[in-house]
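Note sheet for the following structure.
Numbering (our numbering), first residue to last: 20 to 671.
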């Protein structure tokens, strides 16, 4: 009799069910009775994971421990030995037991003293797995271990274990800390040492890495600590043109023993002796044939979002450059779409996420169009071992950071800027040599002003209303940084000592980013000034995020704590004046770390005076103490040396 039949009899007391009937009651009738208000007592084992069949994958590999210089590596295509084990909860089952269960063809069976639910299809899939064995690729192993659903296997994978570092990767075990090599000159913060250790760990497995730390946390330093090891091998580093000079200088500072070669210019050739070859995205695509044959130990992409559009010629070319190890550094691994992440991961670990079409179907469409949380979690699990992202807002990172992060941003001149710069030097030095007294002092200060204007932008010196885009190294770097600031939903203050240049910036940036940019200068009334501050300080989602200020008008007396980025587009040579301006954001009421960037054009008078200020020796004491007026007292040979344009100033 069925349950319905029993309920139709007077005073029903009991109903005897066979295994199939009991399973039907547990699966179908019990939920209906519960919904109808009946009290239903079910066995304790029902619904527990231990009552369901699952698979455990055991893999064996021989890999080197995670060290900076590890040469032995697996890679996603490498084969590892594996075997399957099927179990109910923690109880492993032999093939004979599983075969016997399959022959019963019953959805409920009693085994080893407990009742369990058996899905016949899952049982058949499990038996098929158990009879398999041999070898699989690391990529397949990772997919099995980092994905929770039944998927193509047809049975839930309860656990994947492996020996050595591969096992640590699968289990998410604690990372063995690696000390930076003796060749690295500097001190890593604790989170930076963890970053180095993580990079070395993945390198030891031959697996690519995406270093996605928040901007300002020192991705460059962590990478140089890895590259500084004498056994690190040859590295090709690809970055935007605006960062080539910065990488050169940072390498000289933190890893001075590295042989660095910049692959650039009309007569470019690869240096066989270079440990680190730096080139641009455009040249990497153009010189693909040459770079493919070089035999790189490592390819590193800085600002890797440059290859986010996977189908572009540039992205395709860069993915085609072979290397034992690949690293992508980016503060924004996903700028607009999940396809951005696919493209960067396809560089770092080719094939991990399947083809572009497969990825779109499995992840992009479900997550972006339908808000599928399970698909998002699957993607997170599969990619998380290969992505390291720390945020300045993370409490575990904040303890490692000062409250104010200051850094100098070195920018290169464009060819147009360099030509103008040299013309100013030639013209003004001829006039300075034939003058003295007050006239000479005035000419020196005028030269200084003209050179600083050239470093900002040719249009500032020429004052001809010409376009701004593509003509200034500073402006190019500024746009890159502001792109990250705005993507993160943060706000920035931009200080310049020239009100005219501030106006140019306001117009250009407003058009470039399609949003309002505020501008405060000496001609703004107190009422208007207060209104600008109030609008910037607003926490409304649509409030302005960029505020350009002339240093004299906006450098004191304001509270602008909604900004956590301060950019000094040009320098005021008295540090106290700059600090006062910075303190518009870094003051009581500021709850976040403030990132302060000071723009300096490499190879120009800006870099030379900045170096003097930092080192506080020689001429520095005079300049720091009295500002630019001290420059007028320098001898003509000293001025020539100060104003001279060095070869590394130009970016094209």
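For every residue, glycine included, the Cβ atom is placed at its ideal position computed from N, Cα and C.
Tell me which same chain residues have a C-beta within less than 7 Å of the C-beta of residue 505, skipping the five on either side of it?
Position 486 of the chain shown, counted from the start, is the residue given in the question as residue 505. Beyond the five residues adjoining it in sequence on each side, residue 505 comes within less than 7 Å, by CB distance, of 532, 564 in the same chain, given in chain order.
Give the DSSP-derived three-state secondary structure of residue 82 in the structure shown. Taking the first residue of the chain shown as position 1, residue 82 is located at position 63. The pLDDT assigned to residue 82 is 48, lower than 50, so where the model puts this residue is not dependable, and the model offers no usable value.
Quick one: what's residue 106 bridged to in DSSP? If you number the chain shown from 1, residue 106 lands on position 87. Residue 106 is bridged to 73, 111.
Report task. Indicate whether the contact test is met: 3 or more Cβ pairs, each with one atom in the segment 548-568 and one in the segment 449-468, closer than 8 Å. Result -> As far as the Cβ criterion goes, the segment 548-568 does not touch the segment 449-468, which means the pair count is below three.
### Query
Taking the alpha carbon of residue 202 as the point to measure from, which residue in 175, 185, 245, 209 has its own alpha carbon closest?
Reading the chain shown from its first residue, position 183 is the one you call residue 202. Ranked by Cα distance from residue 202, the first of 175, 185, 245, 209 is 245.
Going by DSSP, which residues form a beta bridge with residue 566? As a first step, residue 566 is located in the chain shown; it is residue number 547 there, counting from the start. 512, 537, per the DSSP bridge assignment.
| task | Under the assumption that residue 431 contacts residue 285 (Cβ atoms under 8 Å), give the Cβ distance between them as a whole number of angstroms. | result | Within the chain shown, numbered from 1, the residue matching residue 431 stands at position 412. Within the chain shown, numbered from 1, the residue matching residue 285 stands at position 266. That belief does not hold up - the Cβ atoms of residue 431 and residue 285 are roughly 17 Å apart, past 8 Å.
* Asked: Which parts of the segment 39-63 are runs of the alpha helix (DSSP H), unbroken and 4 residues or longer, counting only runs that do not cross its ends?
  -> Fully contained in the segment 39-63 are the following alpha helix (DSSP H) runs of length 4 or more, in chain order: 49-54.
Measure the Cβ-Cβ separation of residue 429 and residue 265 and say whether it is below 8 Å.
Start at 1 with the first residue of the chain shown, and residue 429 comes out as number 410. Start at 1 with the first residue of the chain shown, and residue 265 comes out as number 246. Pairing residue 429 with residue 265 gives a Cβ-Cβ distance under 8 Å.
Other residues of its chain near residue 240: CB distance less than 8 Å, five sequence neighbours each side excluded: Looking up residue 240 in the chain shown gives position 221. Excluding sequence neighbours, residue 240 sits near 205, 207, 211, 269, 273.
Residue 388 burial status per 10 Å Cβ neighbour count (16 or more: buried): For the purposes of this step, residue 388 is identified with residue 369 of the chain shown, where counting begins at 1. Burial is judged here by how many other beta carbons sit within 10 angstroms of a residue's own beta carbon; residue 388 has fewer than 16 and is exposed.
* Reduced DSSP secondary structure (H/G/I, E/B, other) of residue 625 -> Looking up residue 625 in the chain shown gives position 606. Residue 625 falls in the helix class under three-state DSSP.
Since residue 273 is in the alpha helix (DSSP H), which residue starts that stretch and which ends it? In the chain shown, the residue the question calls residue 273 occupies position 254. That run of the alpha helix (DSSP H) goes 260-273.
### Query
Out of curiosity, what's the CA-to-CA distance linking residue 198 and residue 317?
Taking the first residue of the chain shown as position 1, residue 198 is located at position 179. Taking the first residue of the chain shown as position 1, residue 317 is located at position 298. When rounded, the distance between both Cα atoms is 20 Å.
- Query: In this structure, what does DSSP give as the bridge partners for residue 319?
  - Reply: On the chain shown, residue 319 is found 300 positions in, with the first residue counted as 1. Its beta-bridge partners are 256, 346.
Buried or exposed: which applies to residue 570, given that a residue is buried once 16 or more other Cβ atoms fall within 10 Å of its Cβ? Counting from 1 along the chain shown, the entry for residue 570 is found at position 551. Looking at its Cβ environment, which holds 16 or more other Cβ atoms inside 10 Å, residue 570 is buried.
Review point. Does the beta-carbon of residue 336 have 16 or more other beta-carbons within 10 angstroms, so that it is buried, or is it exposed?
Key: As a position in the chain shown, residue 336 is number 317, starting the count at 1. Residue 336 is buried by the Cβ-count criterion.
Looking only at its own chain, which residues have a Cβ that is under 6 Å from the Cβ of residue 293, when we skip the five neighbours before and after it? Here residue 293 refers to the residue found at position 274 of the chain shown. Same-chain partners within the cutoff: 278, 280.
**Prompt:** Which runs of the alpha helix (DSSP H) spanning at least 4 residues fall entirely within the segment 172-238, listed in chain order?
**Reply:** The qualifying runs are 183-190, 209-223.
- prompt: Three-state secondary structure (DSSP) at residue 605?
  reply: Along the chain shown, read from residue 1 onward, the residue named residue 605 stands at position 586. The answer is coil: DSSP assigns residue 605 none of H, G, I, E or B.
Query raised in the report: How would you call residue 200, buried or exposed, if buried means at least 16 neighbouring beta carbons within 10 angstroms?
Result: As a first step, residue 200 is located in the chain shown; it is residue number 181 there, counting from the start. Residue environment: residue 200 is assigned as buried (16 or more neighbouring CB atoms within 10 Å of its CB, all protein chains considered).
| query | residue 241 by DSSP, collapsed to three states: which one? | reply | Position 222 of the chain shown, counting from 1, holds the residue named residue 241. Residue state, collapsed to three classes: helix.
* Using alpha carbons as the reference points, say which of 434, 351, 114, 350 lies closest to residue 473. => In the chain shown, the residue the question calls residue 473 occupies position 454. Considering only alpha carbons, the answer is 434.
* Sub-8 Å separation of residue 136 and residue 53 beta-carbons -> Stepping through the chain shown from its first residue, residue 136 is reached at position 117. Stepping through the chain shown from its first residue, residue 53 is reached at position 34. Cβ distance not < 8 Å, so residue 136 and residue 53 don't count as in contact.
Let me know the beta strand (DSSP E) ranges lying completely inside the segment 417-495, each 3 residues or longer, listed in chain order.
-> Correct list: 423-430.
| Which of helix, strand or coil does DSSP assign to residue 153? | On the chain shown, residue 153 is found 134 positions in, with the first residue counted as 1. Note: residue 153 maps to strand in three-state DSSP.
Task: Assigned exposure category for residue 190 - 16 Cβ within 10 Å defines buried - done: As a position in the chain shown, residue 190 is number 171, starting the count at 1. When all chains shown are included, residue 190 counts as exposed.
Practice prompt. Spatial neighbours of residue 386 within its chain, please: CB distance less than 8 Å, with the 5 preceding and 5 following residues excluded, ordered by chain position.
Written response: Here residue 386 is taken as the residue at index 367 of the chain shown, counted from 1. The residues are 357, 394, 395, 398.
- With DSSP as the reference, label residue 658 as helix, strand or coil. Residue 658 sits at position 639 when you count from the first residue of the chain shown. In the three-state reduction of the DSSP assignment, residue 658 falls in the helix class, which pools H, G and I.
### Task
Counting only the same chain and skipping the five closest in sequence on each side, list residues whose C-beta sits under 6 Å from that of residue 514.
Position 495 of the chain shown holds residue 514. Hits under 6 Å: 568, 570, 587, 600.
For this session: Tell me where the beta strand (DSSP E) around residue 299 begins and ends.
Result: Your numbering for residue 299 matches position 280 in the chain shown. Boundaries of the beta strand (DSSP E) harbouring residue 299: 295-299, taken from the DSSP string.
Out of 72, 55, 338, 45, which one is the CA nearest neighbour of residue 62? Within the chain shown, the letter at position 43 stands for residue 62. Comparing Cα-Cα distances from residue 62 to each of 72, 55, 338, 45, the minimum goes to 45.
Practice prompt. Have a look at 301, 320, 308 and flag the residue whose alpha-carbon is nearest the alpha-carbon of residue 675.
Written response: Because the chain is modelled from 20 through 671, residue 675 falls outside the range shown and cannot be assessed.
Handout entry: 7 Å Cβ shell around residue 627 - same chain, five flanking residues per side excluded
Key = Numbered from 1 along the chain shown, position 608 holds the residue referred to as residue 627. Here the set comprises 661.
Between residue 399 and chain C, is the shortest Cβ-Cβ distance under 8 Å, so that the two count as touching? The structure shown has no chain C; it contains just one protein chain.
Exercise for the section: Take the Cβ of residue 64 as the centre, count every other Cβ of all protein chains shown within 10 Å, and call the residue buried at 16 or more, exposed below. Expected result: Residue mapping note: residue 64 aligns to position 45 of the chain shown, counting from 1. Exposed is the call here.
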